[in-house]
Amino acid sequence: MPWLMEFRNALQWGNSLRADLFKAKNLGYLVLLAVLVTLAAGLALFLVDPNIKTPLDGVWSAWVTMTHVGFGDVVPISFLGRLLAAVLILLGLVLFSLFTALVSVALIGRNMDALGVEMRRVDQGTARIEDEEDRILRELARLHERMEALERRLATASEADASQKTRVESPP
Numbered sequence: 000m001p002w003l004m005e006f007r008n009a010l011q012w013g014n015s016l017r018a019d020l021f022k023a024k025n026l027g028y029l030v031l032l033a034v035l036v037t038l039a040a041g042l043a044l045f046l047v048d049p050n051i052k053t054p055l056d057g058v059w060s061a062w063v064t065m066t067h068v069g070f071g072d073v074v075p076i077s078f079l080g081r082l083l084a085a086v087l088i089l090l091g092l093v094l095f096s097l098f099t100a101l102v103s104v105a106l107i108g109r110n111m112d113a114l115g116v117e118m119r120r121v122d123q124g125t126a127r128i129e130d131e132e133d134r135i136l137r138e139l140a141r142l143h144e145r146m147e148a149l150e151r152r153l154a155t156a157s158e159a160d161a162s163q164k165t166r167v168e169s170p171p
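Mapping to numbering that gives the first Met the number 0: the sequence shown position 147 is 146, numbers consecutive.
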């Protein structure tokens, strides 16, 4: 059952993402900000709009407006109520954008950790290759010196043989 394995992997991934998100202090601040804005805007809607009968209706209208659900069951009808609702729409966009950014940072942060480990491995491999290359170049230089020394000895020996041949061939 491969689908069961995939489902299990998805659950594990979701749980680890949730754990990463709850570790972030920023998420708590964002939720607190959303709750405070919802409560304050709900109370303000209750105070400025005659169509919103209770503070709870105001909070409900603020939440529905900020989340862009827009049920339409509680709607501001006054100019100030609609102006406040327009501001809530913009605040909702900002808050959801911040939430999306926090989730993105959590996801990218995981990949960056894995990438950092891989980069360290690559750096270590590169250092080993450079050390081996230096060793090979030193050995090549040593072999080149030995070959030049052998060529000099061979040239000296050839000259000695040539001069000995000329002495043997020339009559005294």
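All C-beta atoms, glycine included, are put in the ideal place defined by N, C-alpha and C.
Taken through DSSP and simplified to helix, strand or coil, Gly71 comes out as coil.
In the three-state DSSP reduction, Lys52 falls in the coil class, being neither helix nor strand. Taking C-beta separations shorter than 8 Å and ignoring five residues to either side along the sequence, the partners of Ile76 in its chain run Asp48, Pro49, Asn50, following chain order.
Burial state of Ser60 is buried, judged by a 10 Å Cβ sphere holding 16 or more other Cβ atoms. By the Cβ-count criterion, Phe21 is exposed, with fewer than 16 other Cβ atoms from all chains shown falling within 10 Å of its own Cβ. Counting along the chain, the unbroken alpha helix (DSSP H) around Thr37 starts and ends at 24 to 47.
Leu38 is the residue among Phe70, Leu38, Gly13 whose C-alpha sits nearest the C-alpha of Leu55. Under the three-state reduction of DSSP output, Ser77 falls in the coil class, being neither helix nor strand.
Buried is the label assigned to Thr64, since at least 16 other Cβ atoms lie within 10 Å of its Cβ. Within a 10 Å sphere around the beta-carbon of Phe6 sit fewer than 16 other beta-carbons, which makes this residue exposed. Within 10 angstroms of the beta-carbon of Phe45 lie 16 or more other beta-carbons, which makes it buried. For the pair Leu16 and Leu101, the CB atoms are not nearer than the 8 Å cut-off. When DSSP states are grouped into helix, strand and coil, Met146 belongs to the helix group. Distance from the CA of Ile128 to the CA of Arg141, rounded to the nearest whole angstrom, comes to 20 Å. Here Thr66 carries a coil assignment [DSSP, helix/strand/coil].
Here Thr66 really is in contact with Gly91; their C-beta atoms are around 6 Å apart, less than 8 Å. Ala33 sits away from Leu83, with the two beta carbons spaced by 8 Å or more.
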